[in-house]
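FYI, the UniProt record's numbering numbers position 87 of the sequence shown as 87, with every residue one higher than the one before it.
Glycine included, every Cβ here is placed at the ideal spot set by N, Cα and C.
What follows is a short report on a single structure.
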Amino acid sequence: MPFISLPNIYNTIFSDVDLEIRTFITLLIVNKIHEQINYSFLYNVKILVDYMALQKDREINCEIACLDEVFDLPQVKASTIFNEYHNRIVHIWEVRHVKYSDIPHFVFLLADGNYQCTCKLLMMSG
Numbered sequence: 001m002p003f004i005s006l007p008n009i010y011n012t013i014f015s016d017v018d019l020e021i022r023t024f025i026t027l028l029i030v031n032k033i034h035e036q037i038n039y040s041f042l043y044n045v046k047i048l049v050d051y052m053a054l055q056k057d058r059e060i061n062c063e064i065a066c067l068d069e070v071f072d073l074p075q076v077k078a079s080t081i082f083n084e085y086h087n088r089i090v091h092i093w094e095v096r097h098v099k100y101s102d103i104p105h106f107v108f109l110l111a112d113g114n115y116q117c118t119c120k121l122l123m124m125s126g
């Protein structure tokens, strides 16, 4: 059975971009850019307009159960980020993987051009 991979989006939809990056960037970096372009189509993103759910602080009681068994860690982290940066937030994106859509992540775009993301939580806490 042949291996089915992502379509080459970079040379179909983004053919002009592909031509430009091939002109100015080394092949190793071009391959990484192609990979990122292809993977970007595996996510659904929507801009949140109602931030009320993110404003709620959640109490963590380790005597009842372990944190990873009870809480949705990205949601807990989202409320922490929201409470810390609420006056600097321009937009909040809810990001869901196409295949694993039950676990959302949140990207907070800040007024100074920076961002905070609950996606980093998986890298930091496993």
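(message) Give me the residue from 48, 117, 92, 13 with the minimum Cα distance to residue 41.
(response) 13
(request) Look up residue 43 in the DSSP assignment and give the residues it is bridged to. (result) DSSP lists 97 as partners of residue 43.
(message) Going by DSSP in three states, residue 85 sits in which element: helix, strand or coil?
(response) In the structure shown, residue 85 adopts helical secondary structure according to DSSP, grouped into three states.
(request) Classify residue 48 as helix, strand or coil using the three-state DSSP reduction. (result) Of the three classes helix, strand and coil, the one that applies to residue 48 here is coil, per DSSP.
(message) Taking contact to mean 3 or more Cβ pairs, one atom from each stretch, closer than 8 Å, check whether the region 13-30 and the region 77-97 are in contact.
(response) no
(message) In whole angstroms, give me the CA-to-CA distance for residue 65 and residue 33.
(response) Because residue 65 carries a pLDDT of 48, less than 50, the predicted location of this residue cannot be relied on, and no value is offered for it.
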